[in-house]
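So the number in the numbering used here is just where the residue sits in the sequence shown, counting from 1, plus 631.
Let me begin by presenting the structure, written as structure tokens, before commenting on it.
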Amino acid sequence: MVVADLEPAAVLFATALATALVGTVVAGLAYRGYQRNDSEPMRFLAVGVVCITVGPFLVSYGLAPALALSQAVTLLGVLLSNIAGLLAILYSLEAV
Numbered sequence: 632m633v634v635a636d637l638e639p640a641a642v643l644f645a646t647a648l649a650t651a652l653v654g655t656v657v658a659g660l661a662y663r664g665y666q667r668n669d670s671e672p673m674r675f676l677a678v679g680v681v682c683i684t685v686g687p688f689l690v691s692y693g694l695a696p697a698l699a700l701s702q703a704v705t706l707l708g709v710l711l712s713n714i715a716g717l718l719a720i721l722y723s724l725e726a727v
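Written out as structure tokens, the structure is:
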């Protein structure tokens, strides 16, 4: 199989899925750190990672098709998820 033969939409989906899966693992580790050390910053770190990695996947491949969202609204949802994630991570770092 040649890379040029791959369907761009399939490659995009696989990449987004891999990002969401790895993000889930990282967030799980941060959440375990929160539980083990009773550390609020670790909880916000976990929430931030989920918002940045899993949120966009859920918006793009879950909400957008289910609700027939336009491309503009889908992009807005992805960007809002990223902003929420960055704010949660910023809060986790500032709380230290």
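All C-beta atoms in this analysis are idealised placements derived from N, C-alpha and C, irrespective of residue type, glycine included.
**Prompt:** Is there contact here, the region 650-666 with the region 693-709, by at least three beta-carbon pairs under 8 Å?
**Reply:** no
**Asked** Excluding the five sequence neighbours on either side, which residues of its own chain have a C-beta within less than 6 Å of the C-beta of V657, listed in chain order?
**Response** So the qualifying residues of the chain are V680.
**Asked** Does the Cβ-Cβ distance between G686 and G716 come in under 8 Å?
**Response** Yes, the pair counts as a contact, with Cβ atoms nearer than the cut-off.
**Asked** How would you label L676, buried or exposed, when you count the other beta carbons within 10 angstroms and need 16 or more for buried?
**Response** buried
**Request:** From the DSSP output, in three-state form, read off L706 for me.
**Result:** helix
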